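Working notes, structure below.
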Amino acid sequence: MKDQATADLQAQIATLTADKTTLETALHEKEQALADVSVEPAEDVTAQITAERDELAARVASLQAEYDAVQIDKTTLEAALQERTAELDDVRPS
(Lines of atoms letter the chains of each structure in order from A; the text may use other names.)
(Lines give C-alpha, C1' and ligand atoms only; values in the text may rest on other atoms or scores of the structure.)
Protein backbone atom coordinates (compact mmCIF):
# COMPACT_ATOMS: atom_id res chain seq x y z
CA MET A 593 0.00 0.00 0.00
CA LYS A 594 2.79 2.41 0.87
CA ASP A 595 4.62 1.42 -2.30
CA GLN A 596 1.51 2.39 -4.27
CA ALA A 597 1.19 5.64 -2.33
CA THR A 598 4.84 6.41 -3.00
CA ALA A 599 4.38 5.58 -6.68
CA ASP A 600 1.30 7.79 -6.82
CA LEU A 601 3.19 10.66 -5.19
CA GLN A 602 6.09 10.20 -7.58
CA ALA A 603 3.66 10.30 -10.52
CA GLN A 604 2.10 13.46 -9.09
CA ILE A 605 5.54 15.01 -8.68
CA ALA A 606 6.44 14.17 -12.28
CA THR A 607 3.17 15.66 -13.54
CA LEU A 608 3.56 18.79 -11.43
CA THR A 609 7.15 19.20 -12.56
CA ALA A 610 6.11 18.90 -16.20
CA ASP A 611 3.24 21.36 -15.66
CA LYS A 612 5.55 23.79 -13.91
CA THR A 613 8.09 23.56 -16.75
CA THR A 614 5.36 24.13 -19.34
CA LEU A 615 4.04 27.16 -17.47
CA GLU A 616 7.51 28.59 -16.93
CA THR A 617 8.17 28.21 -20.67
CA ALA A 618 4.88 29.92 -21.51
CA LEU A 619 5.70 32.69 -19.05
CA HIS A 620 9.14 33.14 -20.58
CA GLU A 621 7.64 33.24 -24.09
CA LYS A 622 5.11 35.89 -23.03
CA GLU A 623 7.83 37.96 -21.39
CA GLN A 624 10.03 37.59 -24.48
CA ALA A 625 7.14 38.58 -26.77
CA LEU A 626 6.55 41.63 -24.61
CA ALA A 627 10.26 42.51 -24.69
CA ASP A 628 10.49 41.98 -28.48
CA VAL A 629 7.77 44.50 -29.26
CA SER A 630 9.56 47.45 -30.82
CA VAL A 631 6.47 49.65 -31.08
CA GLU A 632 4.69 50.74 -27.96
CA PRO A 633 1.64 48.48 -27.72
CA ALA A 634 -1.76 49.92 -27.02
CA GLU A 635 -2.50 50.31 -23.33
CA ASP A 636 -5.16 47.58 -23.35
CA VAL A 637 -2.79 45.10 -25.05
CA THR A 638 -0.10 45.84 -22.48
CA ALA A 639 -2.61 45.35 -19.69
CA GLN A 640 -3.79 42.06 -21.22
CA ILE A 641 -0.24 40.75 -21.61
CA THR A 642 0.62 41.85 -18.08
CA ALA A 643 -2.50 40.14 -16.74
CA GLU A 644 -1.64 36.92 -18.61
CA ARG A 645 1.92 37.08 -17.30
CA ASP A 646 0.68 37.63 -13.75
CA GLU A 647 -1.78 34.75 -14.13
CA LEU A 648 0.98 32.43 -15.36
CA ALA A 649 3.27 33.53 -12.54
CA ALA A 650 0.50 32.84 -10.01
CA ARG A 651 -0.10 29.40 -11.53
CA VAL A 652 3.63 28.62 -11.34
CA ALA A 653 3.62 29.67 -7.67
CA SER A 654 0.55 27.51 -7.05
CA LEU A 655 2.19 24.52 -8.71
CA GLN A 656 5.35 25.10 -6.67
CA ALA A 657 3.30 25.11 -3.46
CA GLU A 658 1.49 21.93 -4.54
CA TYR A 659 4.82 20.32 -5.48
CA ASP A 660 6.26 21.27 -2.07
CA ALA A 661 3.22 19.76 -0.32
CA VAL A 662 3.59 16.53 -2.31
CA GLN A 663 7.28 16.42 -1.42
CA ILE A 664 6.37 16.76 2.26
CA ASP A 665 3.79 13.95 1.90
CA LYS A 666 6.38 11.80 0.16
CA THR A 667 8.96 12.48 2.87
CA THR A 668 6.41 11.68 5.58
CA LEU A 669 5.44 8.41 3.88
CA GLU A 670 9.07 7.42 3.41
CA ALA A 671 9.81 8.14 7.08
CA ALA A 672 6.76 6.12 8.15
CA LEU A 673 7.82 3.28 5.88
CA GLN A 674 11.33 3.27 7.35
CA GLU A 675 9.92 3.35 10.87
CA ARG A 676 7.54 0.47 10.12
CA THR A 677 10.33 -1.50 8.46
CA ALA A 678 12.49 -1.00 11.55
CA GLU A 679 9.63 -2.16 13.77
CA LEU A 680 9.16 -5.27 11.65
CA ASP A 681 12.89 -5.95 11.71
CA ASP A 682 12.79 -5.76 15.52
CA VAL A 683 9.87 -8.23 15.67
CA ARG A 684 11.23 -10.77 13.18
CA PRO A 685 13.03 -13.73 14.72
CA SER A 686 16.75 -13.78 14.03
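Per the working numbering, the sequence shown starts with residue 593, numbered consecutively. Every residue, glycine too, gets a C-beta built ideally from N, C-alpha and C. Computed from a predicted model, the values in this text were never measured in an experiment.
Shown here for Ala672: same chain residues with a beta carbon closer than 8 Å to its own, the five before and five after excluded, namely Lys594 in chain order.
Annotation for Ala625: no residue places its beta carbon closer than 7 Å to its own, counting only its chain and skipping 5 residues before and after. If you ignore the 5 residues before and after Leu648, its C-beta comes within less than 8 Å of the C-beta of Leu615, Ala618, Leu619 and Lys622, all in its own chain and listed in chain order.
When DSSP states are grouped into helix, strand and coil, Ala650 belongs to the helix group. The three-state reading of DSSP puts Ala634 in coil, since its state is none of H, G, I, E or B. Under the three-state reduction of DSSP output, Arg676 falls in the helix class.
In its chain, beyond the 5 residues on either side, Val662 have a beta carbon closer than 7 Å to the beta carbon of Gln604. Only exposed fits Leu680, as fewer than 16 other CB atoms lie within 10 angstroms of its CB.
Of Thr642, Leu669 and Ser654, the smallest CA-CA separation from Ala599 is found for Leu669.
Less than 8 Å divides the Cβ of Lys612 from the Cβ of Val652.
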